[in-house]
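Q:
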Ligand SMILES: Cc1cc2nc3c(=O)[nH]c(=O)nc-3n(C[C@H](O)[C@H](O)[C@H](O)COP(=O)(O)OP(=O)(O)OC[C@H]3O[C@@H](n4cnc5c(N)ncnc54)[C@H](O)[C@@H]3O)c2cc1C
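Chains as they are written, first to last, in the numbering used here: chain A, 1 to 283; chain B, 284 to 1059.
#1: Mind checking whether residue 644(B) and residue 477(B) have CB atoms under 8 Å apart?
#2: Roughly how many angstroms separate the alpha carbons of residue 932(B) and residue 1015(B), rounded to a whole number?
#3: Please look up how many angstroms separate the CB atoms of residue 599(B) and residue 625(B), rounded, as I've assumed it's under 8 Å.
#4: Just how far apart, CA to CA, sit residue 102(A) and residue 25(A)?
#5: Does the beta-carbon of residue 31(A), which I'm using as the reference point, lie nearer than 7 Å to any heavy atom of ligand 1?
#6: Would you say residue 106(A) reaches chain B, if we count a Cβ-Cβ gap shorter than 8 Å as a contact?
#7: Using a Cβ cut-off of 8 Å, which residues of the stretch 923-948 of chain B contact any Cβ in chain A, in chain order?
#8: Just to make sure I have the definition right: I need the residues of chain A whose C-beta is within less than 9 Å of the C-beta of residue 988(B). Which are they?
#9: So, is the C-beta of residue 59(A) closer than 8 Å to a C-beta in chain B?
#10: Applying a beta-carbon distance threshold of less than 9 Å, which residues of chain B neighbour residue 76(A)?
#11: Quick one: residues in its chain with C-beta nearer than 6 Å to the C-beta of residue 60(A), no 5 flanking neighbours on either side, listed in chain order?
#12: Below 8 Å between beta carbons: does that hold for residue 607(B) and residue 364(B)?
#13: If you drop the 5 nearest sequence neighbours on each side, which residues of the same chain put their C-beta closer than 6 Å to that of residue 814(B)?
#14: Shorter than 8 Å from the beta carbon of residue 276(A) to some beta carbon of chain B?
#15: Residue 199(A) touches chain B at which residues, Cβ-Cβ below 9 Å?
#16: Based on Cα-Cα distance, which residue from 95(A), 75(A), 62(A) and 200(A) lies nearest to residue 233(A)?
#17: Comparing C-alpha positions only, which one of 580(B), 609(B), 539(B) and 785(B) sits nearest to residue 560(B)?
#18: Got a sec, what are the start and stop residues for the beta strand (DSSP E) residue 49(A) sits in?
#19: Would DSSP call residue 736(B) helix, strand or coil?
#20: Comparing the CB of residue 189(A) with every heavy atom of ligand 1, is any distance shorter than 7 Å?
#21: Please report whether the beta-carbon of residue 981(B) lies at a distance below 8 Å from any beta-carbon of chain A.
#22: Does residue 471(B) come out as helix, strand or coil in the three-state DSSP assignment?
#23: Hey, could you find the ends of the alpha helix (DSSP H) residue 776(B) is sitting in?
#24: Can you grab the Cα-Cα spacing for the pair residue 937(B) / residue 271(A), in whole Å?
#25: Please report how far the alpha carbon of residue 143(A) lies from the alpha carbon of residue 34(A), in whole angstroms.
#26: Mind listing the chain B neighbours of residue 259(A)? Cutoff is C-beta to C-beta under 9 Å, in chain order.
#27: Could you name the residues that DSSP lists as bridge partners for residue 936(B)?
#28: So what's residue 1030(B) in DSSP terms, helix, strand or just coil?
#29: Any heavy atom of ligand 1 closer than 7 Å to the Cβ of residue 53(A)?
#30: For residue 493(B) and residue 320(B), what's the separation of their Cα atoms in angstroms?
#31: Please confirm if residue 42(A) has its CB atom under 8 Å from at least one CB of chain B.
#32: What is the rounded straight-line gap between the Cα of residue 785(B) and the Cα of residue 947(B)?
#33: Nearest CA to the CA of residue 999(B): which residue from 835(B), 704(B) and 459(B)?
#34: Any chance the CB of residue 114(A) is under 7 Å from a heavy atom of ligand 1?
#35: Tell me whether residue 950(B) is buried or exposed, calling it buried when 16 or more other Cβ atoms sit within 10 Å of its Cβ.
#36: I want to verify the contact list: residues of chain B whose CB lies under 7 Å from the CB of residue 266(A), in sequence order.
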């Protein structure tokens, strides 16, 4: 059982506890952390529940079209939000793909990205969107790009005395569409492979492309060279297959019970084709 | 309520409200005064000799009340078919997780900490994790003492092969030459976890005179009693087994879970001890469905008449025999399928390996056999250019036919089941349609499978007592493991005595209070209990009539039963006597309390050696009453990812008579879901003896959203002539045909045949890639 349990009501209170307690960690929706505690595979730390901190909840659309999501916003609330626009709709799409209603009602975006499971749905989406993560400690605040936030398997750049307060999704060019393709073994399972795509077309040519993969390495995989290869092309088979190759060469999937590494690499180009098809079809 | 009103109606489960409200108490919910908590230490090695133990640090931990190892327990073995197990490993461990030591402490945390303090020195032995490794020349023996273990069958064995069995009929070798077409291939099935909602749990208590009581989640209080008594060397009567509510079993709780560990701990510390396994430990140490490798060969004439079939089966039994030799007998018994195949020869070997034991699992043996048989039948149909349902109908077993070895088949309704699913699914039109890939890369097609199983097995008994107020109490040892048998038993008893359901109360299974029943398995409970409920109710009725005849001063033949617990002279219903009046007379004035009892053992007769030769098998004399079914699935193959989805399904079953329609539909849906998991996603995976997916995060079972959006249970009722209520079993049959029906649909949709379960996206996609690379 937990050594101690705190329930601060403000961010300031929370970071003060994080700054002083030795073995301490945040508790968000508990969907990953409590399950891990139940395995008794590590000593229970002091827990700082973020449930009562109202300022960590909710979504806000900025004047520039960016959307800022509070760390304690549940998957359910993100999935139902209507403030995401062109291209950003990939965020609620992915949220709707997480687990089952029970998990979506408790689990939070902050908890998901801090857990940093590469098979989870948010990390790839943050990478594709070029989202930034806001981190706070007792001394101040900093912003990290998604690419700097995810460091390794289940490892982030969050320092022991820090917490995530929000995630900001920048606006995408007008007319872009976001498509989230998730392959999993059963409904509600983690992804074997996921593809997060944001695509803009102009006059039959690709004008904007962002692609990120989940389940294909210790952190979400992005390949700017693959995006460059797509941009300006007509997305012919050749274009897609060479972009896929570029993506796959950045991927470093592991074999596990969800699928072999080889299968994951087979899925990447196939899911990319499907995502590109869906993005180009009329809604 | 008349019989017609009680039987067949979808009465709500007797315990539904209690379960839904969380008021029903399971073993883990129970608390006894002074109760301790037990924990089990598992072996870290797949195969090793135990050199020594050091439990001093664990014993010294405050709060620890007992630490036991294999050295401290009676050096005795138990087991259903082969007595090869002990409560804790003695001398040797045989799989990762094999219980080595156990602790009882004041709470679960201290018990868990004490486990970490136990030191066991091992001498590692080579681990054999596949049957091939275990059968290799010079492979070390997993059970050196095997020859000396007591067994319940004429065992033929060698090396790590725990049993070699053969069933044959006719002359298959001679028949091949008459066949125009022969198909032959190998079909492989995987280890599936039972995934009952309630992990295993037990509480043991020894009373002041040394009598042991065990509360546990079990499919049979009598098997629990037998195993504890054998393992501890206690006479049967010194062990009492009780089952509170049970949260599913599916075969996994037929044999012991943690009852023996709880028992040895309770003996060691003199206090009640509760042991509840965490899910991960349950997956690692309980049991799985037998992985099987089946080489099957079938030959037919050009017109589709099947003349011969041979099969060679290797099953992985894991570290302990459990019911493996029986499971193999079932495989061989069903490899012919529900067809008239005159010449067959089936060989089977069950092999010990250094893995989790395999054991009974919903349609044990049959599910594996049917995956091979029904897959191969479609391959044969394709090669013969015959519609798969037509081929099945052509060879279907018919009324009056006998099963392998001579069992009577009873109502042989396979053809009716096939026809029902054919019509309901619009099979003929749909199959004729070409399966073009859609723009989204998906193809769709129907697939079919026949099903046959049995529902009568071993023995049972019941006592029906008429209470003073005219209601009845029914005592049977049949454990309702969640499938609904209590409600079915109550409905049959209510029907037999024309009582409202509220007048029937069931006694919870308790070896002290309820008479013998072999177990909740083999789809047998409603069929078997119906036999004894009818007998017992008949005796009660006879006694009631005797009193009534006495009081009315008429002949017993002139008395009739009226609905609602009354009797009267025929035609004079206005002068009726109530059961209460008669029961009070019996209790306090004349004759004594009214009690009826029923005892029944199913007897299918001896194997007729002129019809079939069986060697090394378990007796099939007490198993029978054949149940038929058929399933059609509408499957979509995603050719981009290989993922397979079932969009619609039809599952038709001849249940003889549905005692409770909704419960029957529930069994059909639930078993279909479990079959879907077996077909598409469930598989326990080992890496060098280590189970790598012992959690529901890694081991996936289907949920509601994985079920076909449209599902059609089809209930066929041809009353079973050997049964007083016309009933047959339904608990297992619907699990059986799902995997082959899906594999058959995949071939029809995408032209790839996959002979290995589960049919994962990865396996399907690899097959599709191979198909495309071969295409011109
Ligand atoms: C059955 C099941 C199925 C699931 N399926 C999926 C799925 O399909 N896809 C998917 O993406 N996820 C899935 N998940 C995971 C789920 O999304 C979790 O909700 C998520 O991983 C963790 O979020 P949480 O709010 O529950 O965080 P918690 O479990 O409370 O915390 C997780 C970790 O993050 C840390 N943390 C939490 N919040 C903060 C913060 N603000 N600042 C710093 N550190 C913080 C905690 O200390 C902890 O280490 C599943 C979970 C379950 C139980």
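The beta-carbon is built from N, C-alpha and C at its ideal position, and this holds for glycine as well. These numbers were taken from a predicted model, which means no experiment stands behind them.
A: Looking at the atomic coordinates:
#1: yes
#2: 17 Å
#3: Rounded, the Cβ-Cβ distance is 31 Å, inconsistent with contact.
#4: 23 Å
#5: yes
#6: no
#7: 923, 924 and 926
#8: 100, 186, 187 and 188
#9: no
#10: From the beta-carbon of residue 76(A), no residue of chain B is found nearer than 9 Å; the closest lies around 16 Å away.
#11: 68
#12: yes
#13: 883
#14: It does not: the Cβ of residue 276(A) has no partner Cβ on chain B nearer than 8 Å.
#15: In chain order: nothing, as chain B lies at least about 17 Å away.
#16: Of 95(A), 75(A), 62(A) and 200(A), the residue nearest in Cα terms is 200(A).
#17: 539(B)
#18: 46-49
#19: Residue state, collapsed to three classes: strand.
#20: The answer is yes for residue 189(A).
#21: It does: the Cβ of residue 981(B) has a partner Cβ on chain A nearer than 8 Å.
#22: strand
#23: 768-779
#24: When rounded, the distance between both Cα atoms is 44 Å.
#25: 28 Å
#26: 1043, 1044 and 1045
#27: 912(B) and 998(B)
#28: In the three-state reduction of the DSSP assignment, residue 1030(B) falls in the helix class.
#29: No, the Cβ of residue 53(A) stays beyond 7 Å of every heavy atom of ligand 1.
#30: 20 Å
#31: no
#32: 21 Å
#33: Here the closest residue by C-alpha is 704(B).
#34: yes
#35: buried
#36: Those within 7 Å of residue 266(A) in chain B are 1048.
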